[in-house]
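Asker:
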Amino acid sequence: MKILKRFIIILFIIIVIVAVSFGMYGYTLYNEKIEEQPIADKVSDVRNSYNFVSLEEVPEDYINAIIAVEDHRYYDHGAIDIIGIGRAVLTNITSGELREGGSTITQQVAKNLYFVEEDTVVRRKLAEMFMAIELENKYSKEDILELYINTIYFGDGYYGIKQASNGYLNKEPKDMNLAEATMMAGVPNAPSVYAPTINTELCKQRQNKVISSMVEY
Numbered sequence: 001m002k003i004l005k006r007f008i009i010i011l012f013i014i015i016v017i018v019a020v021s022f023g024m025y026g027y028t029l030y031n032e033k034i035e036e037q038p039i040a041d042k043v044s045d046v047r048n049s050y051n052f053v054s055l056e057e058v059p060e061d062y063i064n065a066i067i068a069v070e071d072h073r074y075y076d077h078g079a080i081d082i083i084g085i086g087r088a089v090l091t092n093i094t095s096g097e098l099r100e101g102g103s104t105i106t107q108q109v110a111k112n113l114y115f116v117e118e119d120t121v122v123r124r125k126l127a128e129m130f131m132a133i134e135l136e137n138k139y140s141k142e143d144i145l146e147l148y149i150n151t152i153y154f155g156d157g158y159y160g161i162k163q164a165s166n167g168y169l170n171k172e173p174k175d176m177n178l179a180e181a182t183m184m185a186g187v188p189n190a191p192s193v194y195a196p197t198i199n200t201e202l203c204k205q206r207q208n209k210v211i212s213s214m215v216e217y
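Read in this note's numbering, the sequence shown has 28 at position 28, and its numbers run on one by one without any break.
And the structure:
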């Protein structure tokens, strides 16, 4: 019994040391980025962009589609969704392939603002978590969702829903109908696969996934 207790204590200490080490590994990258340019400045750059659109300038169907397919518990969790991460891990293990990432919309915004060019995946993911926490501490869910639709990549060189809507649909975001809104909500998951100029059939399949998620959630 004493040996078992000692083993458990040692194992716990090792887990804590590893967790702290990994945390610091990501925190240093997060801190570097914040020192280079504070979040307030990054957000200001996005909002002052010519292509910036507010949530009021996009159809409600588009917002509902994004939340349903990207992060259906968006308004129920904080910067990090533990349930979503657990579900993604389980799905990936049972399927034998990487199908889900578990990142929240806030984490995706953190990546879009600071970590797009970061190659070290583990360190980037950890840094994203710290950045996501700061984002949710400083901005509302609506603010973060607004940043999301203005920074996501749609392929063909289009960043943000205005550029993508202008380029793919030849119209302003506010004029998207339900079919167009659900199609556009599906593209950012993998623009090189789902962009309408790449493969119309796969784009349609992804759109059907978006619609199914809207019905479910």
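Where a beta carbon is used, it is the ideal one built from N, C-alpha and C, also for glycine.
From a predicted model like this one, the values you see are computed outputs, not experimental measurements.
Taking Cβ positions, are LEU55 and LEU145 nearer each other than 8 Å?
Answerer: Yes, the Cβ-Cβ distance between LEU55 and LEU145 is below 8 Å.
Asker: Taking DSSP as the reference, what is the three-state secondary structure of TYR30?
Answerer: In the structure shown, TYR30 sits in a helix (DSSP, three-state: H, G or I).
Asker: Excluding the 5 residues flanking TYR139 on each side, which residues of the same chain have their C-beta closer than 8 Å to its C-beta?
Answerer: Cβ neighbours of TYR139 beyond the five flanking positions: VAL43 and LEU147.
Asker: Taking ALA110 as the reference, which of VAL121, ASP119 and GLU134 has the closest Cα?
Answerer: If we check each option's Cα against that of ALA110, GLU134 comes out closest.
Asker: Can you tell which of LYS209, SER165, TYR194 and MET131 has the C-alpha that lies nearest to the C-alpha of TYR27?
Answerer: Taking only the C-alpha atoms, the option nearest TYR27 is MET131.
Asker: If I'm right that VAL210 touches ALA190 with Cβ under 8 Å, what's the distance once you round it to whole angstroms?
Answerer: In fact, because the Cβ distance is near 13 Å, the residues do not count as touching under 8 Å.
Asker: Rounded C-beta distance between ASN150 and GLY160? I'm assuming under 8 Å.
Answerer: Indeed they touch by this definition, with Cβ atoms about 4 Å apart.
Asker: Quick check on this structure: which residue in TYR74, VAL46 and ASP175 has the alpha carbon closest to the alpha carbon of ASN112?
Answerer: With distances taken between Cα atoms, ASN112 lies closest to VAL46.
Asker: My assumption, with CB atoms under 8 Å, is that ASP71 sits in contact with ILE105. Please give the rounded CB distance.
Answerer: Yes, ASP71 and ILE105 are in contact; Cβ-Cβ is about 4 Å, under 8 Å.
Asker: From which residue to which residue does the alpha helix (DSSP H) around VAL109 run?
Answerer: First-last of the alpha helix (DSSP H) with VAL109: 105 to 110.
Asker: Give me, in chain order, the residues of the same chain whose beta-carbon lies closer than 7 Å to that of ALA297; leave out the 5 immediate sequence neighbours on both sides.
Answerer: Residue 297 falls outside the range modelled here, since the chain spans only 1 to 217, and no answer is possible.
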